[in-house]
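When the count follows the numbering used here, it moves up by one through the sequence shown with no breaks and lands on 467 for the last residue. Heads up, the beta-carbon is just placed ideally off N, CA and C, and yes, glycines get one too. Keep in mind it's a predicted model, so treat the numbers as computed, not measured. Worksheet for the structure shown next.
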Amino acid sequence: MVAFIVAVFILGYLCIALESVFKINKAAPALLMCVLCWVLYMFDAGHFLNLFHGEEFQAFLAGTHNPESAEQNFVSRILLEHMGDTCEILFFLMGAMTIVEIVDANGGFNFVRDTLQTTSKRKLLWRITFMTFVLSALLDNLTTSIVMVMVLRKLVNDKNDRMLYAGMIIIAANSGGAFSPIGDVTTIMLWIRGMITTQGVITEVFLPSLVSVVIPVLILQFRLKGDLPRPVVAKSGDALHFSKAERDIVFFLGVGGLVFVPIFRLLTGLPPFMGILLVLGLLWMTTEVFYRNKNVDHSMQRRVTHLLTRIDMSTILFFLGILMAVASLQETGVLTAFGKTLNDVSGGNHYLVTGVIGAVSSIVDNVPLVAGCMGMYEIAPAGDFAVDGMFWQLLAYCAGVGGSMLIIGSAAGVVVMGLEKISFGWYLKHISWIALAGYLAGIAWYALEELIGM
C-alpha cells in the first residue's frame, strides 16, 4: 500500500510542477492528491497504526466500547492533529495576506514609492534591492514582489532596464524572506513547528542572506549606466480617501504589527496566528474609523469587507492539500526512511543535503520540499537537528534563496514573470548565474560563521 500512496504523491507532484503545461491550477491536484493518499492509507490503517502508534493505539483499543470503529476513530484523531498543525500555518497566511491587502489598497505603500525616487540607475538598483530585502522580511516575498514591481513601473520606463531591476527584485525578495520567521512560507512553517526560533534564524541566517543579495547587486550594477528621466508621479486615487498622515498610519500599523507578531508569541506563549488576528483586528478597526467621514459609495472597494474577497484562496487550498498529503507520507514512515537514506548517502553532510534541496527548489515548489524535510527529520535535544540547529537554519536559507536560480523557482519569480512578461530563457541567460553566485556565497558565509563560531 505504501507504494501506491507514494505513486499518487509523485503523480500529484508532477501535475503541480507542470501547472503551466496542463493549464490546471495547482490547488486542484494538491487537494486530490491529499484525499487519495489518505483514502489509500485507510485500506491498511491497522498495519500503520500498530507499526508507528503501537502502544498508544493499543491503549486506545482497550478503552473503547466499540472496537470495530476504533481504527477509524484513531485515524480521525491523527488526521485532526495534522489538520490543526496545518491550519496554524493557513490562518497565519490568510491574516498576513489580508493585512497587506489593506495597506496596499489604502495607499500605505505610497511611502515606498516616495522613498525610492532617484534619477541614478545604480542608486535606484541599490535602493530597490535594499527596500525589497527589508519588506520581504516583514511581509512575504510574493506580496513584496508585487508591490515593488508596481512601484518600479512608476519609476522606470525602459523595458530592458526594468527587467534587470525585476530580476534583482526576485533575488532580494527570496533572500529577505529566508532570514525572517514571517518572510517566507517555508520559514513560517519551520518557525511555527518549532524547528527555528526568531532570534536564532535572524542572528545566524541574516548575514548569509545579505551576502546572497550583495554579490548579485554588485555584479548587476555594471549593467546599468547613466541616469533615468525624473519620474513624474501622478496623484493616485488613494489620496481621495486617506490623507498622507492616514496612509502612513495604515502602513506603520500594518507592517509594524507584522513585526510585532514574534514578540506577541514570546510575551503570551500563544501561537503566531493569534498575533496575526490581533493585528488584523486593530488595522480593520482603524481603517473603519478613518472611513466614517468618507464618501461611503467611493470607499467600499477599499474597505476590509471587500478586500477579504481578493485573498488568493487557491494558494491557501494548495498549501492545505500539499501539507496534508505530506502528513500521510509521514504517517506511513516513508519520510523517516527517506531521510535516513539521504543522510547515509551524503555521509551526514548537511551542507550537501540542504544545498541540493535548495537547487531542487528552483525547479519545484519549496513548500512540499520543506514539508517533506520536516517529516523526514525529528527535532533532537542537541546537535545539528536541535531547535536552531545547523540543519534547520541551512534548510531555511537554501529553500528560500535557492528558488531565485530559475524564474519559475519561487512565487516571487512566477508573479514577476507574469507582470513584466519576462521569458524563462532571458532570466536563465541574464540572472540565473548571478543568483547562483549569491546562493553559493551565502552558504560559504554560513560555513565560515560555523567555523569561527560567529
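Inter-residue spacing [alpha-carbon to alpha-carbon] between residue i and residue j
i, j, result
"ALA30", "ILE18", "18 Å"
"MET430", "ASN86", "46 Å"
"GLY190", "ASP357", "30 Å"
"LEU283", "TRP446", "42 Å"
"TRP458", "THR318", "46 Å"
"PHE124", "PHE264", "8 Å"
"LEU253", "GLY121", "Bear in mind that the predicted position of LEU253 carries a pLDDT of just 49, short of 50, making it too unreliable to give a figure here."
"PHE35", "ALA43", "14 Å"
"PHE7", "MET287", "Coverage of the chain is limited to positions 14 through 467, which leaves residue 7 absent and any answer about it impossible."
"ALA40", "LEU296", "30 Å"
"GLU114", "THR299", "14 Å"
"LYS307", "ASN119", "13 Å"
"VAL292", "ALA72", "43 Å"
"GLY67", "MET163", "55 Å"
"CYS100", "ARG90", "15 Å"
"THR367", "VAL383", "10 Å"
Bridge-paired residues (DSSP) for residue i
i, result
"ASP357", "Its beta-bridge partners do not exist; DSSP assigns none."
"SER133", "ASP240"
Beta carbon of residue i nearer than 8 Å to that of residue j
i, j, result
"ILE112", "LEU290", "no"
"PHE105", "ILE205", "yes"
"TYR26", "GLU344", "no"
"ASN187", "SER327", "no"
"MET208", "ILE102", "no"
"TYR410", "GLY360", "no"
"LEU165", "GLN130", "no"
"ASP401", "HIS363", "no"
"ASN79", "PHE70", "no"
"GLU462", "LEU155", "no"
"PHE192", "VAL218", "yes"
Selection from the options that minimises the alpha carbon distance to residue i
i, options, result
"ILE262", "ASP117, THR322, LEU280", "ASP117"
"ASP98", "MET387, ILE159, ALA412", "MET387"
"ILE183", "ILE421, TRP405, LEU355", "ILE421"
"MET46", "ILE392, ILE435, ALA340, SER225", "ALA340"
"GLU259", "PHE219, LEU280, TYR304", "TYR304"
"ALA424", "LYS136, LEU92, ILE159", "ILE159"
"ALA20", "LEU49, LEU293, ARG126", "LEU49"
"MET110", "LEU320, LEU419, ASN79", "LEU320"
"LEU92", "GLY59, TRP51, ALA185, GLY269", "TRP51"
"GLY180", "LEU449, LYS257, GLY426, LYS134", "GLY426"
"GLN234", "LYS134, GLU391, SER225", "LYS134"
#### Entry: Cβ contact (3+ pairs, closer than 8 Å) linking the segment 162 to 176 and the segment 211 to 219
no
### Message
For the pair the segment 182 to 201 and the segment 140 to 152, tell me if three or more CB-CB distances fall below 8 Å.
### Response
yes
### Task
May I ask you to verify whether the segment 224 to 244 touches the segment 420 to 440, counting CB pairs closer than 8 Å and requiring at least 3?
no
#### Entry: Sufficient close CB pairs (3 or more, under 8 Å) joining the segment 323 to 337 to the segment 362 to 375
no
### Query
Quick one: any contact between the segment 129 to 142 and the segment 227 to 236, if contact means 3 or more CB pairs under 8 Å?
yes
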